[in-house]
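S.K.: Numbering (my numbering), first residue to last: 14 to 394.
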Ligand SMILES: *Cc1c(COP(=O)(O)O)cnc(C)c1O
C-alpha cells in the first residue's frame, strides 16, 4: 500500500465481532483474565489498551519502525526516551531544539547526573567534537525550532553508528508524511503528536517509534513502569485525525511556500527562514532526506516594536503557542516557546525579539496574506 492509503486505513475495521469501520474506544481500565496465567493480551490499560494499540501500530507502520508507543504528551515521550540513560551518561542535543526539550534535559535530567552538550546540529564537526567517552546518544530535530536549520540525518546516523551511540530524531515538524528518519538509519523517532499528527489544536499527545524491537521493548518497559500513557479517547481522536494527514500536510506545505515568498519581498521583513526557499541554508541536504517542507516558518521584522504590534494586530491569524494545526498561529519564540533558553544563548542563536514564528494553517492563502499585510503595514507605531 502507498503511504497515502496506509494513512487513511489506520485502524479501519479492527473489530472482528461487529465489523465496525471506525476503531472502537475501549474505555476500560482493566480486562478479564480467561483463566489463571492467561491473558487476552490486555490486562490493564497502563500496560496496553486496544484503542491505543491500533494507534501505536499505525504510527509504527508510518515511520517504518518495529515498535510505536503513544504517550500523554510529547514531553512524556521525550522523558521516556531520556530514561534509557543513567547517572554518568552524557547526551548531545541540538541547541535550537524545542524549548521544553531544552528544559527537561537541562533542568530535570541533569539533577539525575546526566550531562548534556548543546550543539549546532547542522555542523557535523561541532557534533563530533562534543562526543565524550560518556556520550550515549545524539538527539536532533530537523528542521530546527524556530530557526529551521537543517540537520543531515544520514551524517548524524553515520557518526552515531561509528561511535556506538543512539541517534534520535524529533520528527514533529515534518511527520512521516514528509520525512522518515528510521528509514535513514536513526534508532528512535519522537513526536509531539499535539502538532501535525493531531492537526487541529485540540489534543495533547506524544509518540516514540523505535527502529528495532529490542530498543522499542526497552522503551515500552519504561512507558509501563512510569505510566505516561495516552488514554483511549485521545487515542481514538488521533486515529481519526491521522486520516487527513496527507491532505493537511500538502496544504500546509503549499500555503507556507506562498507566505514565505510573499514575506521575503515585504520591505519590513529582514529575513525569512523556510527550507522551501531556494536560498535556505541546508536546502540541498533537506531535499535529500525529506519530500516536503512543512508548514513552519520564521521571519525577522525590522524592530521589536513591530513584532509586538503584529501579535496585537493579527485578526484571523491567532497569537498562540503551539503549531501544526489547521488554524494559522503566530508566536514570538524569545518570549513564549523558548523563554527557558538562557538569554545569551538565544542571542547567539538569533532567537531575538524581532523573530516571529508562523505555523501556517490550511486556510485560503489570500486571506493569510491579507491579514499579514495589515498586521505588518498597519498604522505607524
Ligand atoms: C511541542 C513539541 C514538543 C513537546 O510536545 P508536547 O506535546 O507539547 O508535550 C516536542 N518537540 C517539538 C519539536 C515540539 O514542537
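Beta carbons are placed, not taken as given, at the ideal position from N, Cα and C, and that holds for glycine.
Bear in mind the structure is a predicted one, so any value in this text is a computation, not a measurement.
1. Give the secondary structure of residue 309 by DSSP, where H, G and I count as helix, E and B as strand, and everything else as coil.
2. Relative to the C-alpha of residue 285, which candidate in 93, 71 and 162 has its C-alpha closest?
3. Would you list the one or two residues that DSSP bridges to residue 219?
4. Tell me the residue span of the beta strand (DSSP E) that contains residue 183.
5. Can you give me the C-alpha to C-alpha distance between residue 146 and residue 333, rounded to a whole angstrom?
6. Quick check on residue 28: does DSSP put it in helix, strand or coil?
7. Rounding to the nearest angstrom, what Cα-Cα distance links residue 180 and residue 200 in this structure?
8. Per DSSP, which one or two residues make a beta bridge with residue 128?
9. Using a threshold of 6 angstroms, is the CB atom of residue 88 nearer than that to any non-hydrogen atom of ligand 1?
10. Report buried or exposed for residue 218, applying the criterion of at least 16 other Cβ atoms within 10 angstroms of its Cβ.
11. What's the C-alpha gap between residue 300 and residue 293?
12. Would residue 43 be called buried (16 or more neighbouring beta carbons within 10 Å of its own) or exposed?
13. Is residue 104 close to ligand 1? I mean its beta-carbon at under 6 angstroms from any heavy atom of the ligand.
14. Do you know how far the Cα of residue 60 is from the Cα of residue 237?
15. Just checking residue 185 against ligand 1 - is the residue's beta carbon closer than 6 angstroms to any of the ligand's heavy atoms?
16. Does residue 68 come out as helix, strand or coil in the three-state DSSP assignment?
17. Excluding five sequence neighbours on each side, which residues of the same chain lie with their C-beta closer than 6 angstroms to the C-beta of residue 167?
M.R.: Looking at the atomic coordinates:
1. strand
2. 162
3. 84 and 205
4. 179 to 183
5. As the crow flies, the alpha-carbon of residue 146 is around 42 angstroms from that of residue 333.
6. coil
7. 5 angstroms
8. 103
9. The answer is yes for residue 88.
10. buried
11. 11 angstroms
12. exposed
13. No, the Cβ of residue 104 stays beyond 6 angstroms of every heavy atom of ligand 1.
14. 5 angstroms
15. For ligand 1, at least one heavy atom lies less than 6 angstroms from the Cβ of residue 185.
16. Residue 68 falls in the helix class under three-state DSSP.
17. Closer than 6 angstroms at the Cβ level, and outside the excluded window around residue 167, lie 197.
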